[in-house]
Amino acid sequence: METAEVLIIGGGIVGSSIAYHLTAAGCKDVLVIERESAQGKGSTGKSMGGVRAQFSTPVNIQMSLYSIPFYAGFEERLGHPCGYRPQGYLFCATSDAHLKYLQANYEKQVSLGLKDVRLISADEIRGNFPQLRGDDIIGGSLCASDGFVDPYSAMIGFMTWAGDHGAKLWKNTTVAGIQRDACGIVAVETSRGVIATRKVVNCAGAWAASVARMVGIDLPVEPLRRMLVPTEPFDDFPHSAPMIIDMSNGFHFRPEGRGFLLAWNDPEETPGYKTDFEPAFIEKILTRAADRVPIFENLAVNPKRAWAGLYEMTPDHHPILGTVSGVPGFFLANGFSGHGVMHAPATGKILADTILDGKTDLIDASLLSFSRFAEGRMIEETAVL
Ligand SMILES: Cc1cc2nc3c(=O)[nH]c(=O)nc-3n(C[C@H](O)[C@H](O)[C@H](O)COP(=O)(O)OP(=O)(O)OC[C@H]3O[C@@H](n4cnc5c(N)ncnc54)[C@H](O)[C@@H]3O)c2cc1C
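My numbering puts the first residue of the sequence shown at 1275, with every later residue one more than the last.
See the structure below:
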């Protein structure tokens, strides 16, 4: 029978980062199981690639304080590019409540050691980006080291390094069951046979709840469709721009290639495994785009290039990381609520620490434990895009 010291279910960016961090810490016998014929067919290949430290909760800020410098040094460390571009995230406030919110977040971010974030005046925003409709913008916040990565390239970089150092990746292999005895996990049933292992990590993204059910756990992770619209080449807005967020309605956009990538989270979207792009979304997003950037009225988009993917939502918009009481050997790395690319490096470190040493110094892991739901210790993140 095949064996693995640690078996990771799901070869997206999270499973790949954990495989990297485990092998880098000396654990060579790692097996990643991916049901698709190629990596990245889950949420990772659909992501917008935004990375930011501008969050509202200390634990999310701490996850970014590990992850963004990690991405900055990715190529040097792993010998593979991740496409990190520190072009910033600019939040544009249009009400006093937004400004107070950004001010409070700014203070938390600075107190935790974030150096590049600053509050920015409305005049400076209007001066830097005269293309924005600025009459209702009253200020904002900007963090220069926030920016973008290429999620696919980062995922491949993690997995390639792990593979070069002993880890294995099985594609076209589906996990169908998990066997346990009184001491914990004993084996994983896959479409390629049973694999003996004592340690299993659930990295199944938006499908994490179905994997958790294999050990009798009701994991509160729900799929939620998100849609992105890339534009045709457009040179009348600077391609050096940051991710710009219109706080009045959540519309945001960033440069991508010679055009822009437009995003807006439709509040009418309902949970479910919906991965079709909805053509009616184009008009909804272009209305918001032209409202904030009047010259975007001239934007051309090709609906065939637009796409949809799944966020993996938890009730408090924070991931669920670590052990599960009553199921020794079963670890969770799920529920990133739209932040799994930017927090993949920290997640890899936290899970490798937890699996190999039983603890981590990176964050207070109890904050993100599965038990927080049963114990009523949820920590709401409101800076969700
Ligand atoms: C439109 C969109 C925009 C986004 N923008 C951002 C962004 O700007 N920044 C950011 O940080 N995040 C963003 N995200 C979220 C981010 O993409 C996810 O949080 C992240 O990719 C999750 O990675 P993962 O490895 O956990 O999941 P996935 O990439 O979905 O990987 C899970 C893998 O598990 C496999 N799997 C599932 N069940 C089984 C099974 N039973 N057996 C074997 N394999 C299985 C799947 O095939 C899949 O490949 C965005 C997401 C979407 C959809």
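For every residue, glycine included, the Cβ atom is placed at its ideal position computed from N, Cα and C.
Give the straight-line distance between the Cα atoms of N1539 and V1598, rounded to the nearest whole angstrom.
32 Å
Would you kindly check if the distance between the Cβ of I1307 and the Cβ of W1444 is under 9 Å?
yes
Closer than 8 Å by C-beta to C1417: which residues in its own chain qualify, once you throw out the five before and the five after it? Chain order, please.
R1326, A1327, Q1328, G1362, Y1363, Q1383, L1388, D1390, V1391 and R1392
Taking only heavy atoms of ligand 1 into account, decide whether any of them is closer than 8 Å to the Cβ of N1608.
yes
Does the beta-carbon of I1307, which I'm using as the reference point, lie nearer than 8 Å to any heavy atom of ligand 1?
yes
At a threshold of 8 Å, does H1613 count as lining ligand 1 (C-beta to nearest heavy atom)?
yes
Nearest to I1452 by alpha carbon, out of A1470, G1440, G1437 and N1446?
When only C-alpha atoms are compared, the closest one is A1470.
Closer than 8 Å: is that where the CB of H1591 sits relative to any heavy atom of ligand 1?
H1591 Cβ: outside cutoff for every heavy atom of ligand 1.
From this set, Q1405, L1536, P1497 and G1289, which residue's C-alpha is nearest L1584's C-alpha?
P1497
Quick check on this structure: which residue in V1423, E1279 and H1439 has the alpha carbon closest to the alpha carbon of G1531?
V1423
Would you tell me roughly how many angstroms separate the C-alpha atoms of G1622 and L1636, rounded to the nearest one?
11 Å
Excluding sequence positions up to five away, which residues of its chain have a Cβ less than 7 Å from the Cβ of F1344?
Excluding sequence neighbours, F1344 sits near P1619.
Report the residue from A1371, V1601, I1556 and P1355 whose alpha carbon sits nearest the alpha carbon of S1645.
V1601
Can you tell me the Cα-Cα spacing of L1659 and E1349, whole angstroms?
28 Å
Three-state secondary structure (DSSP) at M1322?
coil
Taking the beta carbon of H1465 as the centre, do at least 16 other beta carbons fall within 10 Å, making it buried, or is it exposed?
For the record, residue 1465 in the displayed sequence is Ser; it is not His. With fewer than 16 other Cβ atoms within 10 Å, it is exposed.
Between which two residues does the beta strand (DSSP E) containing S1369 stretch?
Taken as a continuous stretch (DSSP letters only), S1369 belongs to no beta strand (DSSP E), as it is neither H nor E.
Cutting at 8 Å between CB atoms, please list the residues of its own chain near G1440, excluding the five before and the five after it.
T1297, K1302, D1303 and V1304
Given a threshold of 16 other Cβ atoms within 10 Å of its Cβ, counted over all protein chains shown, does A1482 qualify as buried or as exposed?
Result: buried.
Please classify S1338: is it buried, with 16 or more other beta-carbons within 10 angstroms of its beta-carbon, or exposed?
The C-beta of S1338 has 16 or more other C-beta atoms within 10 Å across all chains shown, which makes the residue buried.
Please report how far the alpha carbon of A1378 lies from the alpha carbon of P1541, in whole angstroms.
25 Å
Three Cβ pairs or more, each shorter than 8 Å: is that satisfied between the segment 1572-1579 and the segment 1488-1505?
Touching, per the Cβ criterion.
Does DSSP classify T1505 as helix, strand or coil?
strand
What do you reckon, is the C-beta of W1538 under 8 Å from a heavy atom of ligand 1?
no
Is it the case that the segment 1309-1320 contacts the segment 1522-1537, given that we only count it when at least three CB pairs across the two stretches are under 8 Å?
Judged by Cβ distances under 8 Å, the segment 1522-1537 makes no contact with the segment 1309-1320, as fewer than three pairs qualify.
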